[in-house]
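Beneath this line is the structure, given in structure tokens, with notes to follow.
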Amino acid sequence: MDRLDPLDRQIIGCLTRDARATYAVIGDEVGLSAPAVKRRVDRLLAEGVIRGFTALVDPEVLGWTTEAYVEVYWEGTPAPLELRRSLEKVPEIVGAWSVTGSADALVHILAADIPHLEEAIERLRQQPNVHQTRSEVVLSRLIDRARP
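Positions in the sequence shown are counted from 1; adding 43 to them yields the working numbering.
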């Protein structure tokens, strides 16, 4: 059963576009009072629908202009929680997914330059049970859309 009604979806859409939008601004857009929006946002947070709020920082401003996608192959059949625990130890990994196919996971790495990327991949390879990796370095971003 769908837990979200159309107003919840509209509120989430507003927050996805601008997580700093005030309850009053969101209320004007969805046709609710600011206190009603706050109650709904609080409920969505309590139910885990909204997991948190974050700032999206341009990696280039931080000097992290080199990125790669790395397929990771483990020995044996690791559980997703085991994969996550290993991958969390490498701070340059900004995204990770378990995937179908021959690889066990696909990770997205951001680094300052190629030597930094190589160091991060080496630390990834040193995690227990990592058998091998296969890397693809990004040359340019063609499409980078925000996700709802």
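Where is the CB? At the ideal position from N, CA and C, for every residue including glycine. Treat the numbers as computed from the prediction; the structure is a model and nothing was measured.
Between Glu125 and the set Trp107, Asn172, Val80 and Ala98, the nearest pair of CA atoms involves Asn172. Closest in C-alpha terms to Arg60, from the list Val104, Phe96 and Leu88, comes Phe96. Apart from the 5 residues on each side of it in sequence, Asp85 has no Cβ closer than 7 Å to any other Cβ in its chain.
When DSSP assignments are scanned along the stretch 80-144, the uninterrupted stretches of alpha helix (DSSP H) that are 4 or more residues long and fall wholly within it turn out to be 123-130.
Note on Trp107: 16 or more other CB atoms within 10 angstroms of its CB, so buried under the neighbour-count rule. Scanning Thr176, Ala79 and Arg188 for the CA closest to the CA of Leu149 turns up Thr176. An exposed status is given to Leu99, since fewer than 16 other beta-carbon atoms sit within 10 Å of its beta-carbon. Sequence-distant Cβ neighbours of Leu153 in its own chain, meaning closer than 8 Å and more than five residues away, are Pro102, Trp107, Thr109, Glu110, Glu135 and Val137.
Going by C-alpha positions, Ala67 is about 23 Å away from Gly91.
Contact between Val80 and Ile54 holds: CB atoms are separated by about 6 Å, below the 8 Å threshold.
Residue state for Leu182 is assigned as coil, using DSSP reduced to three classes. When the five nearest sequence neighbours on each side are left out, the beta carbons in the same chain lying within less than 6 Å of the beta carbon of Asp156 are those of Thr109, in order along the chain.
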